[in-house]
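Note sheet for the following structure.
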Amino acid sequence: MEAVKVMKSRTGVIEKAKHEIQILKQLRRLDPNTRHVVRFNSFFFNMEDICLSFEFLDVDLHAYICETRLYETGLPLPEVRHIMEHLVMALHHLKTIGIIHVDIKPGNVMIVDRHEKPLRVKLVDFGGAQMSGNIDFETCIFSWGLTPNKQQWRGRTPGKKP
């Protein structure tokens, strides 16, 4: 079984898809089982849409916490430690091939199998990832949602002339 990410063809999506595919091809240099990053299988076109094929993973960390009502008590410390070990390993191995993820959050951490203990997790969603030598800080900042818009970031108020 596999998971498919469908990217609708719109302005700018083709370039974003090409960028993500380039990053995902770099990830193939890592063993997905020991490096804790999602395994990228391939990409294909379905009419005008671009489809990315990945290994199937169970559930993201955010959904797991909500489904199990762990937001009330929190994850047990041994599970937190285990998850963090996997994420630190993933980040270390990404660094060795020059990739910076830029969007780590519970929704981008997938649990391989929620019924297996201890939990194994993998990092997903490399759409905003950057190669360490080509960091576009403005893109990173705006993808994080830290500012309302580019005009305000550049010191201008929208609708007012400079």
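Just add 234 to wherever you are in the sequence shown, counting from 1, and you've got my numbering. Every residue gets a Cβ at the ideal spot worked out from N, C-alpha and C, and that includes glycine. Nothing here was measured: the structure is a model prediction, and the numbers come from that model.
Assign residue i to one of three DSSP states: helix, strand, or coil.
i: residue 324; result: helix
i: residue 363; result: coil
i: residue 309; result: coil
i: residue 333; result: strand
i: residue 318; result: helix
i: residue 247; result: helix
i: residue 261; result: helix
i: residue 282; result: coil
i: residue 356; result: strand
i: residue 405; result: This structure cannot speak to residue 405, because the chain is shown only from 235 to 396.
i: residue 239; result: strand
i: residue 345; result: strand
i: residue 396; result: Since pLDDT at residue 396 reaches only 49, below the 50 mark, its modelled position is unreliable, and no value is offered.
Could you work out which residue in the options is closest to residue i when comparing CA atoms only?
i: residue 238; options: 286, 278 and 306; result: 286
i: residue 344; options: 324, 283 and 333; result: 324
i: residue 277; options: 289, 313, 271 and 322; result: 289
i: residue 317; options: 306, 269, 250 and 265; result: 269
i: residue 259; options: 273, 249 and 248; result: 273
i: residue 331; options: 265, 247, 245 and 243; result: 265
Would a C-beta distance cut-off of 8 Å place residue i and residue j closer than the cut-off?
i: residue 321; j: residue 355; result: yes
i: residue 363; j: residue 336; result: yes
i: residue 365; j: residue 333; result: yes
i: residue 296; j: residue 340; result: yes
i: residue 240; j: residue 283; result: yes
i: residue 342; j: residue 328; result: no
Please report the Cβ distance between residue i and residue j, rounded to the nearest whole angstrom; I am assuming they are in contact, meaning their Cβ atoms lie under 8 Å.
i: residue 254; j: residue 361; result: 5 Å
i: residue 236; j: residue 275; result: 6 Å
i: residue 298; j: residue 348; result: 6 Å
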